[in-house]
Amino acid sequence: MQDFFSLIILLVIVIDPVGLAPTIQGIIKGYARNRQRRILRRELLWALAILLFFFFAGNFVLDMLGLEPATLNISGGILLFLVALGMVFPTKNMITPAENKGEQMEPFIVPIAMPLMAGPSSLAIIMLHASQSTDSTSMLLYAGAVVIAWAISGGLLLLAHRFLYLLGERGTIALERMMGMVLILLSVQMFMNGISAYSIK
Numbered sequence: 007m008q009d010f011f012s013l014i015i016l017l018v019i020v021i022d023p024v025g026l027a028p029t030i031q032g033i034i035k036g037y038a039r040n041r042q043r044r045i046l047r048r049e050l051l052w053a054l055a056i057l058l059f060f061f062f063a064g065n066f067v068l069d070m071l072g073l074e075p076a077t078l079n080i081s082g083g084i085l086l087f088l089v090a091l092g093m094v095f096p097t098k099n100m101i102t103p104a105e106n107k108g109e110q111m112e113p114f115i116v117p118i119a120m121p122l123m124a125g126p127s128s129l130a131i132i133m134l135h136a137s138q139s140t141d142s143t144s145m146l147l148y149a150g151a152v153v154i155a156w157a158i159s160g161g162l163l164l165l166a167h168r169f170l171y172l173l174g175e176r177g178t179i180a181l182e183r184m185m186g187m188v189l190i191l192l193s194v195q196m197f198m199n200g201i202s203a204y205s206i207k
């Protein structure tokens, strides 16, 4: 059960709805409020589909590529560390897409569903937990954690315009950097777990 809640917290931090909110609002701000909500709901559903696909196909992908869980721990830890650096030091952000140049084409899957919500770091975490699931019960438990983390993140994004107004610009920046510091700790722990697994072998 501890892993269940840990996965929820980790995914919410990695998806980073607070940090994504200004970016996503900037992408859809040119549309009417009702259309913004429709776009965001559709993209949230696509993000969930992508997350669950990689969760249930995780073991198959690992076997097909000949990867071990320890490899995912190390690579995921490095990737999370880079993501966290972008949260703590925005000028060093390596995952934020280029600014919207004013195109009026409605976003579809890219970039909101993927890679903003279902990004490489969250997919790596999901595949890692899928590979560690020993039976159908743990598989369903982790899948439930993925859905809950997605629901929390999606709920925050749907309320983003109010949330950002209440926090203010400085409050949003402070919260995102605090979450980035937590993510740095988690990424280092994930990296060390992978190193330990290889050293035991």
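Going by our numbering, the first residue of the sequence shown is number 7, and it counts up by one from there.
Built from N, CA and C at the ideal position, the CB exists for glycine as well.
All figures in this text were calculated on a predicted structure; none of them were measured in a lab.
Taking the alpha-carbon of residue i as reference, which of the options has the nearest alpha-carbon?
| i | options | result |
| --- | --- | --- |
| H167 | P28, L16, I15 | P28 |
| M198 | Q138, S81, D69, M187 | S81 |
| L86 | A180, I14, I21 | I21 |
| A57 | L173, L17, A76, Q138 | At residue 57 the sequence reads Leu, which differs from the Ala that was named. Nearest option by C-alpha distance: L17. |
| I15 | I206, S139, F66, L192 | L192 |
| Q31 | M133, E112, A76 | E112 |
| G150 | E49, L54, R43 | L54 |
| S128 | V89, Q138, D141 | V89 |
| L163 | E49, I179, R176, I115 | E49 |
| G160 | F10, D9, A136, I19 | I19 |
| G83 | R43, L51, N65, P126 | P126 |
| A130 | V67, S144, Y204, R176 | V67 |
| A124 | S12, P23, F10 | P23 |
| L13 | L134, D141, I201, L46 | L134 |
| L26 | D69, L46, I206, A136 | L46 |
| L51 | I115, I33, R39 | I115 |
| N65 | S137, L181, Q195, E74 | S137 |
| S202 | T77, L73, R43 | T77 |
How far does the alpha helix (DSSP H) with residue i in it extend, from its first residue to its last?
| i | result |
| --- | --- |
| G82 | 75 to 94 |
| A53 | 39 to 62 |
| S139 | Where S139 is concerned, there is no enclosing alpha helix (DSSP H), given that its DSSP letter is neither H nor E. |
What are the residues that DSSP puts in a beta bridge with residue i?
| i | result |
| --- | --- |
| V116 | F114 |
Mapping the DSSP letters down to three states, classify residue i as helix, strand or coil.
| i | result |
| --- | --- |
| L129 | helix |
| L189 | helix |
| D22 | coil |
| S202 | helix |
| L165 | coil |
| G150 | helix |
| P103 | Summary for P103: the model assigns pLDDT 46, below 50, so the residue's position carries little reliability; its value from the coordinates is reported in the next sentence. Here P103 sits in coil by DSSP. |
| G2 | Missing from the structure shown is residue 2; the chain here goes from 7 to 207 and no further. |
| A124 | coil |
| G222 | A query on residue 222 cannot be resolved here, the shown segment of the chain reaching from 7 to 207 and no further. |
| G108 | A caution first: G108 carries a pLDDT of 45, below 50, which makes its placement in the model unreliable, though a value can still be read off. Correct three-state label for G108: coil. |
Going by the C-beta, is residue i closer than 7 Å to any heavy atom of the ligand SAH?
| i | result |
| --- | --- |
| A166 | This structure does not include the ligand SAH; it has no bound ligands of any sort. |
For chain C, is any of its Cβ atoms less than 8 Å away from the one on residue i?
| i | result |
| --- | --- |
| L172 | Here there is only one protein chain, and chain C is not present. |
I want to know whether the stretch 149 to 159 touches the stretch 112 to 121 - three or more CB-CB distances under 8 Å.
no
Could you say if the stretch 168 to 188 and the stretch 85 to 95 meet the contact criterion of at least three C-beta pairs nearer than 8 Å?
Contact between the stretch 168 to 188 and the stretch 85 to 95 is present, because at least three Cβ pairs lie under 8 Å.
Three-pair Cβ contact test at 8 Å for the stretch 60 to 78 versus the stretch 170 to 178
Not touching, per the Cβ criterion.
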